[in-house]
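Written below as structure tokens is the structure these notes are about.
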Ligand code: TRP
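In the numbering used here, the protein residues as written are 3 to 459.
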């Protein structure tokens with residue numbers, strides 16, 4: 003078991019595609035148990051395959067409560083189909099009422115890929131944001147910023163650094179003594195990216211969902227841990243009902259009534275606990291037992307369904323008292339489409355993917371040469387059928403180009419049955435890709451004047 007563990011390296015070039023093992027090993031939740039309203043094709047086809055606490059976001063969607071979406075891009079190279087998948091999800095959340103923030107990881111790209119900040123800015127604007135608007139993101143509800151320019155993100159990263167150490171980085175990322183420190187800083191800045199939209203000056207306390215490829219999960223594990231370690235009040239299941247536990251930390255001692263000499267100031271403590279009780283009773287609970295001596299407050303009548311609203315009230319209280327009041331982010335994970343050659347997609351290997359500004363001739367060539375799930379000869383293919391799970395042309399229809407589920411399952415069956423030949427599948431994909439790329443390129447021209455609106459404030 004030990005040596006079979008999956009390692010997820012956000013900077014690595016290999017990629018595990020053993021998704022059920024990833025779910026088990028990292029404690030992700032499978033999408034199967036959730037009912038997604040108005041599912042996109044990525045949901046319907048199981049491409050978005052796992053999440054952490056997406057229920058919180060769905061609840062907001064349901065109730066019309068505010069929630070935010072945050073994701074990030076590494077500006078290094080051209081935007082390809084794989085990148086567009088995240089944007090499709092962001093757009094979906096935007097249509098469900100989420101406000102959108104997008105981090106340009108120019109610091110990370112500078113430190114880990116040697117892209118200058120200036121170059122990073124140019125790539126982000128011309129390659130990425132120009133496509134975001136063409137893909138349908140609404141500039142009036144989307145804010146794109148640069149890590150290097152949003153000091154609060156860096157500040158938060160620095161401050162959160164206090165809640166972790168090198169051993170944890172070793173465990174999460176496999177770092178050792180030879181690890182470049184830029185790889186230590188990048189995840190902290192990314193934690194700042196993920197958490198800052200809930201600060202009061204960026205929209206305030208509300209759930210934030212981070213749609214990413216599963217390679218980014220280590221950063222989410224880290225960030226969730228950091229956020230919860232800053233929390234002053236923790237809501238847990240108790241034998242009966244729920245229990246709030248108070249966490250005394252270096253920077254909240256005076257609020258907690260702990261004096262510099264270590265003695266407890268009973269008045270301050272009583273005052274704090276009455277604030278906790280008030281905050282919970284405003285939700286309608288009448289039976290609340292406060293036990294300052296043990297640092298706990300019990301709510302026997304509460305159930306795990308009430309956890310979220312109690313937690314939100316206590317985070318607000320923490321903020322009033324001077325704490326961060328940070329809610330752990332939710333996240334969703336998508337599978338990776340295979341590269342066109344059968345390996346991993348990569349901007350630095352143009353043959354492995356289609357770039358969003360590839361012309362149709364280039365696209366056609368790449369699809370023609372793409373890895374096929376067909377048999378060696380036509381005769382064998384007719385007899386044994388092809389494998390759509392391996393066939394890049396089919397996979398790209400499913401991931402990117404074809405919206406109609408019925409049509410997709412029809413060609414899937416006919417391919418398996420040997421009725422559609424590999425070359426024919428490629429032609430179907432070429433036709434759809436041509437349409438898709440042409441439309442995108444027209445949209446890019448029509449919407450280029452909107453690009454600047456994404457960077458406002
Ligand atoms: N590290 C991400 C990448 O390699 C980019 C990124 C930076 C990001 N900040 C983020 C992704 C916040 C999601 C959320 O692509």
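Ideal placement from N, C-alpha and C gives every residue a C-beta, glycine not left out.
1) What are the boundary residues of the alpha helix (DSSP H) that includes residue 318?
2) Are the region 351-358 and the region 78-98 in contact at 8 angstroms, needing three or more beta carbon pairs?
3) Just grab the DSSP bridge partners of residue 147 for me.
4) Under 8 angstroms: do the region 28-37 and the region 54-67 share three or more Cβ pairs, one atom per stretch?
5) Beta carbon of residue 50, beta carbon of residue 225: below 7 angstroms?
6) Note down, in chain order, each residue of its chain lying with its Cβ closer than 6 angstroms to the Cβ of residue 122, except the 5 sequence neighbours on either side.
7) Determine the closest residue to residue 377 out of 424, 336, 270, with distance taken between C-alpha atoms.
8) Name the residue from 175, 420, 216, 255 whose alpha carbon lies nearest to the alpha carbon of residue 382.
9) Taking 8 angstroms as the limit between beta carbons, can you name the residues of its chain near residue 290, skipping five residues before and five after?
10) Count the other CB atoms within 10 Å of the CB of residue 129; is the residue buried (16 or more) or exposed (fewer)?
11) Quick one: Cα of residue 456 to Cα of residue 295, how far?
12) Using the rule of at least 16 other Cβ atoms within 10 Å of the residue's Cβ for burial, across every protein chain shown, is residue 218 buried or exposed?
13) Going by alpha carbons, who is nearest to residue 45 out of 18, 86, 91, 201?
14) Thinking C-beta only, is residue 10 closer than 7 angstroms to residue 220?
15) With distances taken from CA atoms, which of 450, 100, 125, 32 is nearest residue 64?
16) Where does residue 54 fall in DSSP's three states?
17) Based on Cα-Cα distance, which residue from 178, 252, 192, 228 lies nearest to residue 166?
18) Is the Cβ-Cβ distance between residue 374 and residue 342 less than 7 angstroms?
Let me spell this out:
1) It spans 309-322 - the alpha helix (DSSP H) in which residue 318 sits, taken as one unbroken run.
2) Taking 8 angstroms as the limit for Cβ pairs, the verdict is that the region 78-98 does touch the region 351-358.
3) Under DSSP, the beta-bridge partners assigned to residue 147 are 105.
4) Yes, the region 28-37 is in contact with the region 54-67.
5) Against a cut-off of 7 angstroms, the Cβ pair of residue 225 and residue 50 comes out as no contact.
6) The answer, listed in chain order, is 77, 108, 111.
7) The residue among 424, 336, 270 with its C-alpha nearest the C-alpha of residue 377 is 424.
8) Measuring from the Cα of residue 382, the nearest candidate turns out to be 420.
9) If we look at residue 290 and ignore the five residues flanking it on each side, its Cβ neighbours are 279, 282, 283, 299, 300, 301.
10) Counting the other CB atoms within 10 Å of its CB gives residue 129 a total of 16 or more, which places it among the buried residues.
11) Approximately 51 angstroms, taken between the alpha carbons.
12) Answer is buried; the Cβ neighbour count reaches 16.
13) Looking from the CA of residue 45, the closest CA among 18, 86, 91, 201 belongs to 91.
14) Going by C-beta atoms, residue 220 is nearer than 7 angstroms to residue 10.
15) Per the Cα distances, 100.
16) Strand at residue 54.
17) When 178, 252, 192, 228 are compared, the shortest CA-CA separation from residue 166 is found for 228.
18) In this structure, residue 374 keeps its C-beta atom at 7 angstroms or more from the C-beta atom of residue 342.
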